[in-house]
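Let me begin by presenting the structure, written as C-alpha cells, before commenting on it.
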Amino acid sequence: ETLRWCAELDIRAVTCYAFSIENFKRTQEEVGALMRLAVEKLSEMCCDGSIIMQQRVRVRVVGDLARVPENVREQMESVMARTALHDRAVLTICFSYTSRHEIASAVAALAAKCSSGKLEPED
Numbered sequence: 001e002t003l004r005w006c007a008e009l010d011i012r013a014v015t016c017y018a019f020s021i022e023n024f025k026r027t028q029e030e031v032g033a034l035m036r037l038a039v040e041k042l043s044e045m046c047c048d049g050s051i052i053m054q055q056r057v058r059v060r061v062v063g064d065l066a067r068v069p070e071n072v073r074e075q076m077e078s079v080m081a082r083t084a085l086h087d088r089a090v091l092t093i094c095f096s097y098t099s100r101h102e103i104a105s106a107v108a109a110l111a112a113k114c115s116s117g118k119l120e121p122e123d
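The UniProt record's numbering applies: residue 1 is where the sequence shown begins, and numbers increase by one.
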C-alpha cells in the first residue's frame with residue numbers, strides 16, 4: 001500500500017528496512033518464519049499484477065546477504081533481475097542489515113584496497 005501512495009505522490013526512491021542482522025538472534029522458529037515470509041513477499045513482487053511490475057519499480061536488496069539462506073537469496077536475485085531495467089522508481093530493501101555493520105564492512109574493504117596497493121590513502 002505504501003508503494004501505491006509513493007507512486008501517486010511521484011516519490012521515486014523508497015528504502016525499506018526489512019530484516020536486521022540482530023534478528024538472527026531470534027529463535028530458529030521465528031527466523032524461519034521471517035525467511036518464509038520474505039520469500040513469499042519477494043515472489044509476489046515478481047507477479048505481473050504487482051505494484052512493482054505495474055509501476056516499473058526497480059528492486060535492490062542490500063545488506064550482508066551471505067548470512068541469508070540460499071532460497072531467500074535466490075528469490076532476491078530473481079526479483080532484482082526481473083526489475084533491473086525498470087526505470088520509474090527504486091525500492092531498496094535492507095535485509096540482513098545494520099548501518100554499523102555496513103559502515104564497518106565499507107571501511108574494512110577500503111583498508112584492504114589500500115593495503116594491497118589498489119587504492120591510495122589520498123584517494
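Think of the CB as a built atom: it goes at the ideal place given N, C-alpha and C, for glycine as much as any other residue. These numbers were taken from a predicted model, which means no experiment stands behind them.
Straight-line gap, residue i to residue j (C-alpha atoms, nearest Å)
{"i": "Arg67", "j": "Pro121", "result": "30 Å"}
{"i": "Asp87", "j": "Gln75", "result": "21 Å"}
{"i": "Met80", "j": "Ala38", "result": "14 Å"}
Residue span of the beta strand (DSSP E) that contains residue i, given as start and end
{"i": "Leu91", "result": "89-97"}
{"i": "Arg60", "result": "57-62"}
Short Cβ contact (9 Å threshold) for residue i with residue j
{"i": "Asn23", "j": "Val31", "result": "yes"}
Residues that residue i bridges to, as DSSP identifies them
{"i": "Ser20", "result": "Tyr97"}
{"i": "Ala13", "result": "Val90"}
Assigned exposure category for residue i - 16 Cβ within 10 Å defines buried
{"i": "Val107", "result": "exposed"}
{"i": "Gly63", "result": "buried"}
{"i": "Leu85", "result": "exposed"}
Bounding residues of the alpha helix (DSSP H) (the contiguous stretch that carries residue i)
{"i": "Ser50", "result": "No alpha helix (DSSP H) contains Ser50, which DSSP labels as neither H nor E."}
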